[in-house]
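In our numbering, the protein residues as written are 519 to 785.
Where is the CB? At the ideal position from N, CA and C, for every residue including glycine.
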């Protein structure tokens, strides 16, 4: 499971369904640049130096949201070796909640690690459906009726927070693994001021926001130990200011350094 890009999926939203009609979400299409800092290395040996960035781009059409992103972390070890870790995602999610096309690629020193590609679809919002994987293998899995796609899960969470909820539980399918996961989020406070302030369209950050800690668990089976945990500061327009998560080889924090507003579709 790619925790970094799972957290990235939290920056999007689509629609609330009321009486069978979709109400458009107030999420701002944007491009964001994050600087990566490492809180804890889990590598054998000492790290001499490192650098890392993440770029996310959320575009909107009349029918779909498109999220593309690239996470890259490079480290120089004291023994002279160099390590590079990269993840790229491309998700297209229908605004009516019926389809998610996903392509997630991860590489370690240029070697592919568990790529996944496919389409999840359902006949209508809230219906059970299927997950058709082209990579790895050609196989079909069940999509539970309660599973929310990544953009829809953010709006649902935001609606719960605005109603006064401090805990949120839901099932998420974002295409970063073949099966959905159960997510438990705890509201812990409000975002602090970003220092140094990011460049660009910073007016997008003068919005209500909240801080949450989310744990991700296997959909099926018991066990209380999470697959991963994500802490984030996020605004109600879907822009994340800071995210902390475990990528396996390190615990990393992403801080927003630049933000650019993208246009809304003329529907």
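Asked                                                                                                   : Found
Beta-bridge partners of residue 704, as assigned by DSSP                                                : 685, 731
C-beta atoms of residue 580 and residue 709 nearer than 8 Å                                             : no
Buried/exposed call for residue 704, threshold 16 Cβ in 10 Å                                            : exposed
Residue 622 versus residue 761 - alpha carbon distance                                                  : 19 Å
Bridge partner(s) assigned by DSSP for residue 754                                                      : Per DSSP, none; premise fails for residue 754.
Buried or exposed by the 16-neighbour rule on C-beta atoms within 10 Å, applied to residue 541          : With a pLDDT of only 32 at residue 541, under the threshold of 50, the placement of this residue in the model should not be trusted, and no figure is reported.
Candidates 566, 643, 585, 670, of which the one nearest residue 575 by Cα                               : 585
Length of the line joining the Cα atoms of residue 683 and residue 627                                  : 43 Å
Residues bridged to residue 553 (per DSSP)                                                              : 571, 773
Sequence-distant residues of its chain with Cβ nearer than 6 Å to residue 588 (five each side left out) : 573, 606
Top-ranked residue by Cα proximity to residue 793, from 610, 618, 563                                   : It is not possible to answer for residue 793, since the shown part of the chain is limited to 519 through 785.
Rounded C-alpha distance that separates residue 577 from residue 755                                    : 13 Å
Three-state secondary structure assigned by DSSP to residue 589                                         : strand
Beta-carbon spacing of residue 651, residue 671 below 8 Å                                               : no
Integer-rounded CB distance, given that residue 663 should sit under 8 Å from residue 646               : 4 Å
Contacting residues, own chain, Cβ-Cβ under 6 Å from residue 610 (five flanking each side not counted)  : 582, 584, 619
Residues that residue 648 bridges to, as DSSP identifies them                                           : 639, 660
Range of the contiguous beta strand (DSSP E) that encloses residue 671                                  : Per DSSP, residue 671 belongs to no beta strand (DSSP E); it is in the alpha helix (DSSP H), 668-680.
Residue 738 burial status per 10 Å Cβ neighbour count (16 or more: buried)                              : exposed
Identity of the residues DSSP links to residue 608 by a beta bridge                                     : 586, 621
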